[in-house]
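Asks:
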Ligand SMILES: [Fe+2]
Ligand SMILES: [Fe+2]
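Residue numbers (the numbering used here): 6 to 483.
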């Protein structure tokens, strides 16, 4: 396995020094990336020392090294998982042919678009999260935020490497454009809806890393199957980093739930719907946590695109984007015949309809995603259960609050019952955070920067990062 060259200006395990043209192109892009990072990265903490992990190998058994780093000095690099000898295209019409080491000419535009869309999400989330450091509930959480941020920056590097190496002039232009769009900007927004939303508070951040980074995982899993080998190798290593982002989300929400339940127990409150009483304890009531989950889950479902999609069919047929864990599925991997049940709106009713499997790939990936989401939700409920509080967090119906696909034109409640516009207007606040819910959460967002201390609304983690003790100073603020 090629080691990572940290002597170079751009750390890499792709022998960058042997490709002068590419090296120059990336060295030309690097200061622009740093300008973007200083403008749009974590505000107010650029000069602080943060206890971050940096990848030093691509061996999944031990790839990270922890140390204090100032974020602009983080060693963003180009890291690909090792090449697998004799790897083949594993699905689609080219199934069985050797995996491509160069871009197949006929698929150039399609492949470039896949890389650009993935690439665009990476800096977007850094932009969305840039003010959160100022209200971090602990140094531990602050450090985790910054870790996620620098790694999203590295994921941008991963996609820009592919663009610069394999797509010539238009790849170079796309690499520049990735630094020019801005999350939420009305004139130059990011490409996908959920990446233009605000992440105004820490519960949003945990929900985002739980739900939206998990969409990232699903997309990376599908691209890791690609017959275009450099894309596959890039995504395989990105997935190693991505796991931490979802850990931050899952444990973040768990700790919020935990603290709420503890405070309720201490105060002798057994009814989770006594919202005002619970809020007086300085914790977030369970119904509001549910509403936040409803919001982030529904926004993230939109990222999977239309249930029935020719683009998805074409990308699969071409061997560019597979299904979730394609290599572990047992079928013909071509899907020219066969069907898949798609939840559709038929005659005013939500029902399954068998659709050609090739057209239903977005639906299928979304179904896999929902299964993956439910696992963590179960762990949140386990905490609530242990306290004997009669409340269960549930994912809303996939027809709820949608802006892309089959259910755009209707209004549904969290159970998938259709509502008239008037009913929706009246009941919206039951399902989604209201202005006053948001104000309440915001009122709790007071920074806690003393080591070992945590804001009132969140429990400490079970273990520290890199097994550090509770009082460890994850970010040197002073
Ligand atoms: Fe990412
Ligand atoms: Fe991520």
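For every residue, glycine included, the Cβ atom is placed at its ideal position computed from N, Cα and C.
Taking residue 209 and residue 459 to be in contact with their CB atoms under 8 Å, please state how far apart those CB atoms are, rounded to whole angstroms.
Replies: Counting from 1 along the chain shown, the entry for residue 209 is found at position 204. Counting from 1 along the chain shown, the entry for residue 459 is found at position 454. With a Cβ gap of about 18 Å, residue 209 and residue 459 do not count as contacting.
Asks: Secondary structure at residue 349, three-state DSSP: helix, strand or coil?
Replies: Walking along the chain shown from the start, residue 349 turns up at place 344. Three-state DSSP puts residue 349 in a strand.
Asks: Just mark residue 451 as buried or exposed, buried being the case when its beta carbon has 16 or more other beta carbons within 10 Å.
Replies: Within the chain shown, the letter at position 446 stands for residue 451. It is exposed - the Cβ of residue 451 has fewer than 16 other Cβ atoms within 10 Å.
Asks: From 191, 380, 234 and 43, pick the residue whose C-alpha is nearest to that of residue 154; which is it?
Replies: One-based indexing of the chain shown puts residue 154 at position 149. When only C-alpha atoms are compared, the closest one is 43.
Asks: Nearer than 7 Å: is that true of the beta carbon of residue 160 relative to any heavy atom of ligand 1?
Replies: Against the chain shown, residue 160 aligns to sequence position 155. Checking every heavy atom of ligand 1 against the Cβ of residue 160, one is found closer than 7 Å.
Asks: Which same chain residues, not among the five before or five after residue 367, have their C-beta less than 7 Å away from its C-beta?
Replies: For the purposes of this step, residue 367 is taken as residue 362 along the chain shown, with counting starting at 1. Around residue 367: 309, 310, 311, 312, 314 and 317.
Asks: Please report the Cβ distance between residue 161 and residue 183, rounded to the nearest whole angstrom; I am assuming they are in contact, meaning their Cβ atoms lie under 8 Å.
Replies: Locating residue 161 in the chain shown gives position 156, where the first residue counts as 1. Locating residue 183 in the chain shown gives position 178, where the first residue counts as 1. Rounded, the Cβ-Cβ distance is 6 Å, consistent with contact.
Asks: Between the stretch 405-424 and the stretch 359-366, are three or more C-beta pairs nearer than 8 Å?
Replies: Segments in contact, no.
Asks: Give me the residue from 63, 107 and 374 with the minimum Cα distance to residue 217.
Replies: On the chain shown, position 212 is the one that residue 217 refers to. Taking only the C-alpha atoms, the option nearest residue 217 is 374.
Asks: On the DSSP bridge assignment, give the partners of residue 252 in chain order.
Replies: In the chain shown, residue 252 corresponds to position 247, counting from 1. According to DSSP, residue 252 bridges with nothing at all.
Asks: Our contact map puts residue 127 next to residue 164 with C-beta atoms below 8 Å; I'd like the distance itself, whole angstroms only.
Replies: Counting from 1 along the chain shown, the entry for residue 127 is found at position 122. Counting from 1 along the chain shown, the entry for residue 164 is found at position 159. The pair is a contact, with the Cβ atoms about 7 Å apart (cut-off 8 Å).
Asks: Could you pull out every residue in the same chain whose Cβ sits closer than 7 Å to the Cβ of residue 68, ignoring the five residues on either side in sequence?
Replies: Taking the first residue of the chain shown as position 1, residue 68 is located at position 63. The residues are 60, 61, 62 and 245.
Asks: Do you know how far the Cα of residue 102 is from the Cα of residue 109?
Replies: Along the chain shown, read from residue 1 onward, the residue named residue 109 stands at position 104. Along the chain shown, read from residue 1 onward, the residue named residue 102 stands at position 97. Approximately 12 Å, taken between the alpha carbons.
Asks: Can you check which of these residues, 58, 45, 18 and 449, is closest to residue 285 by C-alpha distance?
Replies: Taking the chain shown and counting its residues from 1, the one referred to as residue 285 is at position 280. Per the Cα distances, 449.
Asks: Rounded to the nearest angstrom, what separates residue 129 and residue 193 at their Cα positions?
Replies: As a first step, residue 129 is located in the chain shown; it is residue number 124 there, counting from the start. As a first step, residue 193 is located in the chain shown; it is residue number 188 there, counting from the start. Cα to Cα, the separation comes out at about 12 Å.
Asks: Give a yes or no on whether the C-beta atoms belonging to residue 331 and residue 230 are separated by under 8 Å.
Replies: If you number the chain shown from 1, residue 331 lands on position 326. If you number the chain shown from 1, residue 230 lands on position 225. Yes, Cβ-Cβ distance for residue 331 and residue 230 is below 8 Å.
Asks: Below 7 Å, is the gap between the Cβ of residue 301 and the nearest heavy atom of ligand 2?
Replies: Locating residue 301 in the chain shown gives position 296, where the first residue counts as 1. Outside the cutoff, so no.
Asks: Compare the C-alpha of residue 462 against each of 376, 54, 279 and 269 and name the closest.
Replies: One-based indexing of the chain shown puts residue 462 at position 457. With distances taken between Cα atoms, residue 462 lies closest to 269.
Asks: Mind checking whether the beta-carbon of residue 247 lies closer than 7 Å to any heavy atom of ligand 2?
Replies: Taking the first residue of the chain shown as position 1, residue 247 is located at position 242. Residue 247 Cβ: within cutoff of ligand 2.
Asks: Run through the stretch 115-177 for me and flag every whole beta strand (DSSP E) of 3 or more residues, listed as ranges in chain order.
Replies: Here no run is fully enclosed.
Asks: Bridge partners for residue 233 per DSSP, in chain order?
Replies: Position 228 of the chain shown, counted from the start, is the residue given in the question as residue 233. DSSP lists 105 as partners of residue 233.
Asks: Does DSSP put residue 357 in a helix, in a strand, or in coil?
Replies: Locating residue 357 in the chain shown gives position 352, where the first residue counts as 1. The answer is strand: DSSP assigns residue 357 an E or B state.
Asks: Between residue 476 and the rest of its own chain, which residues show a CB-CB distance below 8 Å, the 5 nearest in sequence each way excluded?
Replies: Working through the chain shown from its first residue, we reach residue 476 at position 471. Answer for residue 476: 456 and 457, listed in chain order.
Asks: Excluding the 5 residues preceding and the 5 following residue 239 in the sequence, name in chain order all residues of the same chain whose CB lies nearer than 6 Å to its CB.
Replies: For the purposes of this step, residue 239 is taken as the residue at position 234 of the chain shown. Same-chain partners within the cutoff: 85 and 163.
Asks: Ligand 2 and residue 157: does any heavy atom of the ligand fall closer than 7 Å to the residue's C-beta?
Replies: In the chain shown, the residue the question calls residue 157 occupies position 152. Yes, Cβ of residue 157 sits closer than 7 Å to a heavy atom of ligand 2.
Asks: Going along the chain, which residues of its own chain have a beta-carbon closer than 7 Å to the beta-carbon of residue 274, five neighbours each way excluded?
Replies: Numbered from 1 along the chain shown, position 269 holds the residue referred to as residue 274. Closer than 7 Å at the Cβ level, and outside the excluded window around residue 274, lie 282 and 283.
Asks: The beta strand (DSSP E) with residue 282 in it runs from where to where?
Replies: Counting from 1 along the chain shown, the entry for residue 282 is found at position 277. No beta strand (DSSP E) holds residue 282; the alpha helix (DSSP H) holding it covers 280-285.
Asks: Since residue 59 is in the alpha helix (DSSP H), which residue starts that stretch and which ends it?
Replies: Translated into the one-based positions of the chain shown, residue 59 becomes position 54. Looking at the DSSP string, residue 59 is not in any alpha helix (DSSP H); the run it does join, the beta strand (DSSP E), is 54-60.
Asks: Taking only the alpha-carbon atoms, compute the straight-line gap between residue 406 and residue 301 and give it to the nearest angstrom.
Replies: Position 401 of the chain shown, counted from the first residue, corresponds to residue 406. Position 296 of the chain shown, counted from the first residue, corresponds to residue 301. Straight-line Cα distance between these residues: approximately 10 Å.
Asks: Here's the rule: buried if 16 or more other CB atoms are within 10 angstroms of the residue's CB, otherwise exposed. What is residue 408?
Replies: Residue 408 sits at position 403 when you count from the first residue of the chain shown. Classification of residue 408: exposed, given that the 10 Å Cβ count is below 16.
Asks: Are the beta-carbon atoms belonging to residue 502 and residue 319 less than 8 Å from one another?
Replies: Coverage of the chain is limited to positions 6 through 483, which leaves residue 502 absent and any answer about it impossible.
Asks: Please determine, among 469, 356 and 17, the residue with the shortest C-alpha to C-alpha distance to residue 87.
Replies: The sequence position of residue 87 within the chain shown is 82, counting from 1. Ranking the options by Cα distance to residue 87, first place goes to 17.
Asks: If you reduce the DSSP assignment to three classes, tell me which class residue 480 lands in.
Replies: As a first step, residue 480 must be located in the chain shown, where it is residue number 475. Residue 480 falls in the strand class under three-state DSSP.
Asks: Taking 7 Å as the limit between beta carbons, can you name the residues of its chain near residue 454, skipping five residues before and five after?
Replies: In the chain shown, the residue the question calls residue 454 occupies position 449. Hits under 7 Å: 144 and 482.
Asks: Looking at C-alpha atoms only, which residue of 40, 33 and 98 is the closest neighbour of residue 321?
Replies: Translated into positions along the chain shown, residue 321 becomes position 316. Selected option, being the one with the closest Cα: 98.
Asks: Where does residue 401 land, buried or exposed, given buried means 16+ other C-beta within 10 angstroms?
Replies: The residue labelled residue 401 in the question sits at position 396 within the chain shown. The residue is buried, with at least 16 neighbouring Cβ atoms inside 10 Å.
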